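Okay, so here's the structure we're looking at.
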Amino acid sequence: MAETSTPNPVLLYDGDCAFCSSSVRYAERWFDAARWETVPFQFADLTALAGFTGGQVTERRAEHEVLWITPDRRVYGGAQAVARLLLRTRRPLWSALGGLMTLPPFRQAAAGVYRLVAANRQRLPGGTPACALPPSART
5 MAETSTPNPV LLYDGDCAFC SSSVRYAERW FDAARWETVP FQFADLTALA GFTGGQVTER
65 RAEHEVLWIT PDRRVYGGAQ AVARLLLRTR RPLWSALGGL MTLPPFRQAA AGVYRLVAAN
125 RQRLPGGTPA CALPPSART
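Position one of the sequence shown corresponds to residue 5 (the numbering used here), numbered consecutively onward.
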């Protein structure tokens, strides 16, 4: 992702994690993937993205959580990135779920579930030992 002026949001994910890659392929297949771009953070220009609003886009952060970067330079991480993806779909139930995930107390619950999944992604279907969060991302 050398160019950051895309008209669509960008979903940054861990391309080395089989669970993450499988989840992204599922989203691309079942939701309207033409409405966003997916880029493994390992191939993204993180330096160009570092100044975006909503927190820095760093390799450490991208190892720890999926990132949703909007065309207006806002960055959402973890469960809120998933919520933004769901809101962008054209499937009413998934969009409604994404909307709920942005509201308290669902926002906090979604963040807890996301952290649990991220911490155990190597144990989930499609996960491998390579999917485990690196020690730097576990703190």
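For each residue, glycine too, the CB sits at the ideal point set by N, CA and C.
Just so you know, these numbers come straight off a predicted model, no measurement behind them.
(request) Just list the beta strand (DSSP E) runs in the segment 33-91, keeping only unbroken ones of 3 residues or longer that don't cross its boundaries, in chain order. (result) 41-44, 71-73 and 79-81
(request) Assign CYS24 to one of two classes, buried (16 or more other C-beta atoms within 10 Å of its C-beta) or exposed (fewer than that). (result) buried
(request) Just tell me which of LEU90, GLY82, GLN46 and ALA31 has its CA closest to the CA of ASP20. (result) GLN46
(message) Using 9 angstroms as the threshold, is the C-beta distance between ARG88 and TRP98 below it?
(response) no
(request) Can you have a look at ARG39 and say buried or exposed, based on whether 16 or more other CB atoms are within 10 angstroms of its CB? (result) exposed
(request) Report the three-state DSSP secondary structure of LEU16 (helix, strand or coil). (result) strand
(message) What would DSSP say about CYS21, mapped onto helix, strand or coil?
(response) coil
(message) DSSP three-state label for ALA136, please.
(response) coil
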